[in-house]
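Trainee:
Numbering (the working numbering), first residue to last: -3 to 497.
Listed below in structure tokens is the structure:
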């Protein structure tokens, strides 16, 4: 029973470290009680996995219940299985290779974080690194190895403090101090000496704050357009050249609705600006497809002369929420309907030009994916083979679903990490908030509150540096291979009496 209380304590500390209550420091020792339990190997691991999942997800992800209660239950069940497997792997490897207990613990937990980025169930919200969102100086190391490197440092500090507290190895405090000195020193160096160029291309981020229950209400359509007009008029006063609308800002099939297209053209001509906006879209499906149309969560750059740049289709879709899982493998799943849109997947990044600047967009949940943003921010030139950097990134989203919960904040702070990882500025337009402009150091230089109706504008800071992370983005596979190899080799050992799994 006491072991489960230790698991509860770990889950609570790690969960609280993720919330906007300035408890991020808890992440540096939040794993210690769980380490104690896993090293003792006295608890039933399925119970530990269940308790950890229910508590952590209940605290951090509770806001999903406002949209789908059963979706929250589903996430808790899936992550119970994931945590159970992680705890089982850590315990089993630690039993047969006790000298590798700490490297094994770190490798397994980093593998768990990294593998969340793959497959149709991908949902990378459970990274230790996001607990550091308050500590700008610490997240600067993200350009060396992304959130996985930050999580590695966090786990290493937990292990060293565990050695101090439970093994009385006080010399480990010197290692902890050394890690923080190097870590903070690198952050201070970046913040003070990393070169950036400042310019003001007059880019505006719009936050119209259209309530979710009005967004698709036809009777509210004209009122929505009036709000867009008022915000564009304000943008014109600020000499805006490009205004960024949020995800699905135009609640119509814009490419086929000529009335809406004409309205958008009138706005651009009246206020002499370009508009980047999100909207739903469809195309005809191939003859062998189960449906007659293919639907997309789309966005594009519209110009005052009436021309439209290439459409961007959202590449990474929310599991079940935006598309039922494995439809291409199990076609009968098309018949299951829980209110999801069943969008199609996009085919990679798209690049736009505005006033001689290049940018690439992402939509909503894609902000959580570090490697996808690397592809957007720093691509390889097809002719020269050299890396070529965009001038800024755009993220558009509609977090109105989650009201005034912690959900929009948890989503928005990911922009700080993507900005640092690529040393690039990010303009984020969220329908009801939280809209942000984040500079290449992960500093928020403009921000709108939840449900605030406003525009944001800030200078553009450009950093020509190609981060180290871009060259070694594959390195987390080292931890996956290490953890997987040790786990498989453990099955060549004989099970000992009294083993609790």
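Don't be surprised by glycine CBs; every beta carbon is placed ideally from N, CA and C.
Distance check for residue 111 and residue 121, CA to CA, integer angstroms please.
Mentor: If you draw a straight line from the Cα of residue 121 to the Cα of residue 111, it is about 12 Å long.
Trainee: Hey, how far is the Cα of residue 216 from the Cα of residue 21?
Mentor: 45 Å
Trainee: Measuring CA to CA, which of 445, 435, 453 is closest to residue 193?
Mentor: 435
Trainee: Would you please state the rounded distance, in angstroms, between the beta carbons of residue 341 and residue 323? I believe it to be under 8 Å.
Mentor: Not quite, the Cβ-Cβ distance comes to about 10 Å (not below 8 Å), so this is no contact.
Trainee: Have a look at residue 376 and residue 385 and give me their C-alpha separation to the nearest angstrom.
Mentor: 9 Å
Trainee: One question on the structure: do residue 0 and residue 47 come within less than 7 Å of each other, judged by their Cβ atoms?
Mentor: Taking C-beta atoms as the reference points, residue 0 and residue 47 count as a pair closer than 7 Å.
Trainee: Name the residue from 430, 351, 43, 119 whose alpha carbon lies nearest to the alpha carbon of residue 198.
Mentor: 351
Trainee: In this structure, does DSSP put residue 510 in helix, strand or coil?
Mentor: As shown, the chain starts at -3 and ends at 497. That puts residue 510 outside it, with no answer to give.
Trainee: Going by CA-CA distance only, name the one from 383, 432, 12 that's closest to residue 57.
Mentor: 12
Trainee: Mapping the DSSP letters down to three states, classify residue 391 as helix, strand or coil.
Mentor: strand
Trainee: Could you check what DSSP says for residue 100 in three-state terms: helix, strand or coil?
Mentor: helix
Trainee: Can you tell me where the alpha helix (DSSP H) holding residue 159 begins and where it ends?
Mentor: 138 to 163
Trainee: Can you give me the start and stop residues for the alpha helix (DSSP H) that residue 81 sits inside?
Mentor: Residue 81 -> alpha helix (DSSP H) spans 65 to 92.
Trainee: Buried or exposed for residue 420, please, with buried defined as at least 16 other CB atoms from any protein chain shown within 10 angstroms of its CB.
Mentor: buried
Trainee: Hey, would you say residue 415 sits closer than 7 Å to residue 438, going by beta carbons?
Mentor: yes
Trainee: How big is the Cα-Cα spacing for residue 272 and residue 408?
Mentor: 19 Å
Trainee: Across which residues does DSSP place residue 298 in a beta bridge pair?
Mentor: According to DSSP, which records beta bridges pairwise, residue 298 is partnered with 271, 304.
Trainee: Buried or exposed for residue 241, going by 16 or more other Cβ atoms inside 10 Å?
Mentor: buried
Trainee: Could you compute how far the alpha carbon of residue 131 sits from the alpha carbon of residue 23?
Mentor: In this structure, the alpha-carbon of residue 131 lies about 12 Å from that of residue 23.
Trainee: Between which two residues does the alpha helix (DSSP H) containing residue 135 stretch?
Mentor: Unbroken alpha helix (DSSP H) run through residue 135: 132 to 135.
Trainee: DSSP on residue 258, reduced to helix/strand/coil?
Mentor: The answer is helix: DSSP assigns residue 258 an H, G or I state.
Trainee: Would you mind working out which of 60, 118, 99 sits nearest residue 78, comparing C-alpha positions?
Mentor: 118
Trainee: Taking the alpha carbon of residue 159 as the point to measure from, which residue in 149, 148, 171 has its own alpha carbon closest?
Mentor: 171
Trainee: Would you kindly work out how many angstroms separate the C-alpha atoms of residue 395 and residue 164, rounded to a whole number?
Mentor: 47 Å
Trainee: Given residue 460, which residues of its chain have a CB within under 8 Å of its CB, disregarding the five upstream and five downstream residues?
Mentor: 191, 193, 385
Trainee: Determine the closest residue to residue 362 out of 378, 379, 390, with distance taken between C-alpha atoms.
Mentor: 390
Trainee: Are the Cβ atoms of residue 98 and residue 155 separated by less than 7 Å?
Mentor: yes
Trainee: Can you give me the C-alpha to C-alpha distance between residue 254 and residue 296, rounded to a whole angstrom?
Mentor: 16 Å
Trainee: Applying the criterion that 16 or more other CB atoms from any shown protein chain within 10 Å of the CB defines a buried residue, is residue 328 buried or exposed?
Mentor: exposed
Trainee: Once the 5 residues before and after residue 260 are set aside, which same chain residues still bring their CB inside 8 Å of it?
Mentor: 246, 250, 271, 273, 298
Trainee: Apply the 10 Å Cβ neighbour rule to residue 214 and answer buried if 16 or more other Cβ atoms are within range, or exposed otherwise.
Mentor: exposed
Trainee: May I ask you to report which of helix, strand or coil DSSP gives residue 112?
Mentor: coil
Trainee: Please classify residue 461: does DSSP put it in a helix, a strand, or coil?
Mentor: coil
Trainee: Hey, how far is the Cα of residue 366 from the Cα of residue 474?
Mentor: 17 Å
Trainee: Identify the continuous alpha helix (DSSP H) that holds residue 483 and give its terminal residues.
Mentor: 472 to 486
Trainee: Out of 383, 388, 173, point me to the one whose CA is closest to residue 348's CA.
Mentor: 388
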